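Engineer: Protein chains in written order, with the working numbering: chain A, 4 to 155; chain B, 321 to 823. Cβ atoms here follow ideal geometry from the backbone N, Cα and C, with glycine treated the same way. Since the model is a prediction, treat every value here as computed from it, not as a measurement.
1) Assuming the contact rule is C-beta atoms closer than 8 Å, residue 682/B and residue 331/B should be a hit. Round their C-beta distance to whole Å, please.
2) Would you kindly work out how many angstroms separate the C-alpha atoms of residue 536/B and residue 99/A, rounded to a whole number?
3) Assuming residue 464/B and residue 775/B form a contact by the criterion Cβ under 8 Å, report the distance between their Cβ atoms to the nearest whole angstrom.
4) What in chain B is Cβ-close to residue 132/A, meaning under 7 Å?
5) Cβ of residue 780/B less than 8 Å from any chain A Cβ?
6) At least one CB of chain B closer than 8 Å to the CB of residue 152/A: is that the case?
7) State yes or no: is the beta carbon of residue 147/A nearer than 8 Å to at least one beta carbon in chain B?
8) Cα separation between residue 514/B and residue 581/B?
9) Ends of the alpha helix (DSSP H) at residue 433/B?
10) Under 7 Å between beta-carbons, which chain A residues line up against residue 726/B? List them in chain order, please.
11) Checking contacts by CB at 8 Å: is residue 759/B closer than that to chain A?
12) Report the residues of the stretch 31-52 of chain A with a CB closer than 7 Å to any CB of chain B, ordered along the chain.
13) Output the boundary residues of the alpha helix (DSSP H) element that contains residue 133/A.
14) Around the C-beta of residue 702/B, are 16 or more other C-beta atoms found within 10 angstroms, so that it is buried, or is it exposed?
15) Terminal residues of the continuous alpha helix (DSSP H) containing residue 690/B?
16) On a Cα-Cα basis, can you pick out the residue from 481/B, 436/B, 430/B that is closest to residue 802/B?
17) Rounded to whole angstroms, what is the Cα-Cα separation between residue 575/B and residue 357/B?
18) Looking at residue 680/B and residue 381/B, is the spacing between their C-beta atoms short of 8 Å?
19) Count the other CB atoms, across all protein chains shown, that sit within 10 Å of the CB of residue 622/B; report buried if there are 16 or more and exposed otherwise.
20) Going by CA-CA distance only, name the one from 486/B, 610/B, 472/B that's closest to residue 793/B.
21) Do the stretch 696-713 of chain B and the stretch 722-734 of chain B meet, that is, are 3 or more Cβ pairs less than 8 Å apart?
22) According to DSSP, is residue 557/B helix, strand or coil?
23) My output table needs one value for residue 503/B: the three-state DSSP class, helix, strand or coil.
24) Within 8 Å (strictly less), CB to CB, does residue 736/B reach chain A?
25) By Cβ distance below 6 Å, which residues in the same chain neighbour residue 370/B in space, the five residues on each side in sequence not counted?
26) Spell out whether any CB of chain B is found under 8 Å from the CB atom of residue 103/A.
27) I need the straight-line Cα distance from residue 329/B to residue 675/B, nearest angstrom please.
28) I'd like to know whether the C-beta of residue 505/B is nearer than 8 Å to at least one C-beta of chain A.
29) Judging by CA-CA distance, which residue of 538/B, 704/B, 593/B, 628/B is the nearest neighbour of residue 579/B?
30) With which residues is residue 43/A paired in a DSSP beta bridge?
31) When you compare the CB of residue 820/B with every CB in chain A, is at least one pair closer than 8 Å?
32) For the stretch 505-533 of chain B, which residues have a CB atom closer than 8 Å to at least one CB atom of chain A, in sequence order?
33) List the residues of chain B whose Cβ lies closer than 7 Å to the Cβ of residue 116/A, in chain order.
34) Output the boundary residues of the alpha helix (DSSP H) element that contains residue 634/B.
35) If you count every other CB in all the chains shown that lies within 10 Å of the CB of residue 811/B, and 16 or more means buried, which is it?
36) Cβ of residue 384/B within 8 Å of Cβ of residue 654/B?
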């Protein structure tokens with residue numbers, strides 16, 4: 004069984020997060036010119052939106068407090084890290100090493116999230132994807148990146 | 321006989337080799353991801369958006385639309401055979417589809433959903449061809465105040481009417497509008513909400529947000545969780561597909577009712593295809609002569625919702641193409657794709673780009689026929705596709721997302737941004753937000769701001785401009801009524817809660 008994390012999501016948390024995002028956008032908006040009513044500046048539209056987001060946050064707090072119990076979803080920490088890790092590995096490897104190493108690494112890492120996969124099928128999947136993407140994106144669509152770089 | 325000339329134009333566009341190719345690609349992919357649980361049409365459309373930059377705008381939109389309505393056909397297959405909806409809109413098809421499969425009538429259920437989908441889709445297309453040009457002609461007289469009012473109230477309706485909590489949907493729409501602001505302001509040249517990243521000067525790319533928020537977060541939520549279910553009736557034979565005479569008779573009225581409900585809900589903003597299935601099922605529960613059998617494998621329970629969501633998937637293009645106002649999130653992405661191709665959405669689209677509008681409409685016709693062929697003779701193939709393990713799919717989905725996002729600007733930053741949005745999207749799921757309305761805000765945000773500014777500029781700062789014009793005043797009044805109704809109903813439930821708790 005994969006390890007999972009139980010987040011203590013209390014009734015007010017969701018609304019409070021919404022409210023904080025709204026407040027941050029409100030403060031940020033004031034850094035831009037307000038303009039005049041006939042020629043409204045870049046600050047006006049985001050200001051209005053931030054106020055709406057703050058209102059929505061308050062409404063969510065009221066809603067969740069009234070509902071009382073909040074359904075708790077366990078967070079699968081391991082698959083969160085491996086699924087996000089695959090694309091991050093891709094991003095880090097694609098520029099220095101090229102497309103094929105980036106794809107292979109991405110598949111290897113993200114495949115860790117599903118324990119039922121056999122290493123051989125992961126290897127086959129990685130090879131197939133690396134070759135297929137090279138063919139489609141580099142050969143046909145002329146993406147300006149090499150399949151493999153040798154930085155050494 | 322303008323209609324015939326237009327249809328002829330449409331056929332000449334849609335029957336060209338490239339359009340046929342993109343249409344076939346779109347509907348097959350749509351069917352594929354519709355059948356497979358764990359990947360939705362939103363993520364797929366986002367993933368394939370970069371590919372469409374290589375095609376012309378008409379072909380691009382033909383393919384993206386094909387994914388959308390193709391997924392409507394495919395979604396019910398997994399519902400019937402696995403009791404696991406392939407897409408959100410297919411959840412209702414589980415209620416009667418799976419019991420039918422357990423009674424050994426999986427073939428009939430698959431046949432009925434395909435025919436109902438086809439019929440609903442066809443009627444939807446006819447309504448689209450009849451009403452969109454007429455609506456566009458009216459909309460040609462609209463100025464900025466009308467557009468501002470329509471878009472703002474459309475978004476409001478999307479937030480309030482959709483499924484789930486109105487406050488949460490409102491938060492998502494507004495968050496989408498705020499994300500739409502990121503980048504350089506066209507009027508003043510000021511960089512807004514970029515957090516100092518020069519890469520964000522051009523704004524947030526639609527591909528990055530959709531693949532992150534829907535693709536990556538979907539994979540995080542499902543990886544290692546989706547287990548293979550037992551597929552009911554692995555070998556669906558030709559003979560088992562054929563419904564009895566009684567099945568036909570019982571399906572006719574539900575198909576008509578479903579199509580009607582879907583057509584209307586598809587046009588209205590915020591009520592997408594998924595909602596129409598629930599409404600169609602609820603109506604059958606009320607009016608069907610066999611309503612006591614619903615939920616136990618009644619054919620009415622699969623026919624009505626499937627007719628409804630396919631009709632809605634087609635009529636959703638009416639406000640999108642004639643007004644430039646998308647009815648649901650997926651159509652919003654297509655509108656975004658048009659904008660990327662330099663086509664300004666709005667009533668002029670039907671007038672100035674008849675080959676796009678009529679080519680697309682006729683491609684729907686062709687796509688639906690293709691889907692009929694894909695579904696009935698090839699049903700065995702789709703049943704086998706259901707047994708592809710998710711463990712082999714999701715690493716591939718992630719790779720496609722990475723390569724797709726990277727290919728836009730060859731930017732590593734963009735890939736990291738997509739991962740960030742994936743984590744944000746997963747966080748939103750944990751907080752029970754459904755992020756789809758966010759896309760509406762993201763696409764419409766810049767248009768709303770421009771029209772607001774332009775209106776106030778033309779009226780020299782007099783906000784009365786929104787109320788002195790009859791159309792914008794009416795639309796804003798509808799918006800005000802919506803707000804009053806929802807605040808009132810929220811207050812009413814507050815007072816009635818203690819009473820219901822006592823009883």
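Structural biologist: For this structure:
1) By 1-based counting over the second chain, the position of residue 682/B is 362. By 1-based counting over the second chain, the position of residue 331/B is 11. The C-beta distance from residue 682/B to residue 331/B rounds to 5 Å, short enough to meet the 8 Å contact threshold.
2) Indexing the second chain from 1 puts residue 536/B at position 216. Indexing the first chain from 1 puts residue 99/A at position 96. C-alpha separation (whole angstroms): 24 Å.
3) As a first step, residue 464/B is located in the second chain; it is residue number 144 there, counting from the start. As a first step, residue 775/B is located in the second chain; it is residue number 455 there, counting from the start. By a beta-carbon distance limit of 8 Å, residue 464/B contacts residue 775/B. Their separation comes to about 4 Å.
4) Position 129 of the first chain holds residue 132/A. 716, 719, listed in chain order.
5) Here the question's residue 780/B lines up with position 460 in the second chain. It does; some Cβ of chain A falls within 8 Å.
6) As a working mapping, residue 152/A is identified with position 149 in the first chain. Contacts with chain B at 8 Å (Cβ-Cβ) do not include residue 152/A.
7) Working through the first chain from its first residue, we reach residue 147/A at position 144. Residue 147/A counts as touching chain B.
8) The residue you call residue 514/B lines up with position 194 of the second chain. The residue you call residue 581/B lines up with position 261 of the second chain. Between the C-alpha atoms of residue 514/B and residue 581/B there is a straight-line separation of about 43 Å.
9) In the second chain, residue 433/B corresponds to position 113, counting from 1. Unbroken alpha helix (DSSP H) run through residue 433/B: 426-459.
10) Within the second chain, numbered from 1, the residue matching residue 726/B stands at position 406. Ordered by position in chain A, the residues that pass the 7 Å Cβ test against residue 726/B are 97.
11) Residue mapping note: residue 759/B aligns to position 439 of the second chain, counting from 1. No, residue 759/B lies away from the interface with chain A (no Cβ there is under 8 Å from its Cβ).
12) Residues 31, 35, 36, 39, 40, 41, 42, 43, 44, 45, 48, 49, 52.
13) In the first chain, residue 133/A corresponds to position 130, counting from 1. Counting along the chain, the alpha helix (DSSP H) containing residue 133/A begins and ends at 122-136.
14) Your numbering for residue 702/B matches position 382 in the second chain. Only buried fits residue 702/B, as 16 or more other CB atoms lie within 10 angstroms of its CB.
15) As a working note, residue 690/B is residue 370 in the second chain. That run of the alpha helix (DSSP H) goes 674-695.
16) In the second chain, residue 802/B corresponds to position 482, counting from 1. When only C-alpha atoms are compared, the closest one is 481/B.
17) Along the second chain, read from residue 1 onward, the residue named residue 575/B stands at position 255. Along the second chain, read from residue 1 onward, the residue named residue 357/B stands at position 37. Going from the Cα of residue 575/B to the Cα of residue 357/B covers about 25 Å.
18) The residue you call residue 381/B lines up with position 61 of the second chain. The residue you call residue 680/B lines up with position 360 of the second chain. Yes, the pair counts as a contact, with Cβ atoms nearer than the cut-off.
19) Reading the second chain from its first residue, position 302 is the one you call residue 622/B. That one is buried.
20) Within the second chain, residue 793/B is the residue found at index 473, counting from 1. Per the C-alpha coordinates, the member of 486/B, 610/B, 472/B positioned closest to residue 793/B is 472/B.
21) Cβ pair count under 8 Å is below three, so no.
22) Within the second chain, the letter at position 237 stands for residue 557/B. In this structure, residue 557/B counts as coil in the three-state DSSP scheme.
23) Taking the second chain and counting its residues from 1, the one referred to as residue 503/B is at position 183. Per DSSP, reduced to three states, the secondary structure at residue 503/B is strand.
24) Taking the second chain and counting its residues from 1, one reaches residue 736/B at position 416. Under the 8 Å criterion on CB atoms, residue 736/B is classed as interfacial with respect to chain A.
25) The sequence position of residue 370/B within the second chain is 50, counting from 1. Around residue 370/B: 527, 724, 727, 728.
26) For this step, residue 103/A is matched to residue 100 along the first chain. For residue 103/A, the answer is no, since every Cβ of chain B falls outside 8 Å of its Cβ.
27) Working through the second chain from its first residue, we reach residue 329/B at position 9. Working through the second chain from its first residue, we reach residue 675/B at position 355. When only Cα atoms are considered, residue 329/B and residue 675/B end up about 6 Å apart.
28) Taking the first residue of the second chain as 1, we reach residue 505/B at position 185. Chain A contact via Cβ: present.
29) Within the second chain, residue 579/B is the residue found at index 259, counting from 1. Closest by C-alpha distance to residue 579/B, out of 538/B, 704/B, 593/B, 628/B, is 628/B.
30) The sequence position of residue 43/A within the first chain is 40, counting from 1. For residue 43/A, which the question treats as bridged, DSSP gives the partners 38/A.
31) Taking the second chain and counting its residues from 1, the one referred to as residue 820/B is at position 500. For residue 820/B, the predicted model reports a pLDDT of 41, less than 50, meaning its position is unreliable; a value from the coordinates is still stated below. For residue 820/B, the answer is no, since every Cβ of chain A falls outside 8 Å of its Cβ.
32) When CB distances to chain A are screened at a threshold of 8 Å, the residues of the stretch 505-533 of chain B falling below it are 505, 507, 508, 510, 512, 513, in chain order.
33) Numbered from 1 along the first chain, position 113 holds the residue referred to as residue 116/A. Listed along the chain, the chain B residues whose CB falls inside 7 Å of the CB of residue 116/A are 543, 544.
34) Here residue 634/B refers to the residue found at position 314 when the second chain is read from its first residue. 620-635 is the extent of the alpha helix (DSSP H) around residue 634/B.
35) Residue mapping note: residue 811/B aligns to position 491 of the second chain, counting from 1. If you draw a 10 Å sphere on the C-beta of residue 811/B, you find fewer than 16 other C-beta atoms in it, and that means exposed.
36) In the second chain, counting from the first residue as 1, residue 384/B sits at position 64. In the second chain, counting from the first residue as 1, residue 654/B sits at position 334. Going by C-beta atoms, residue 384/B is nearer than 8 Å to residue 654/B.
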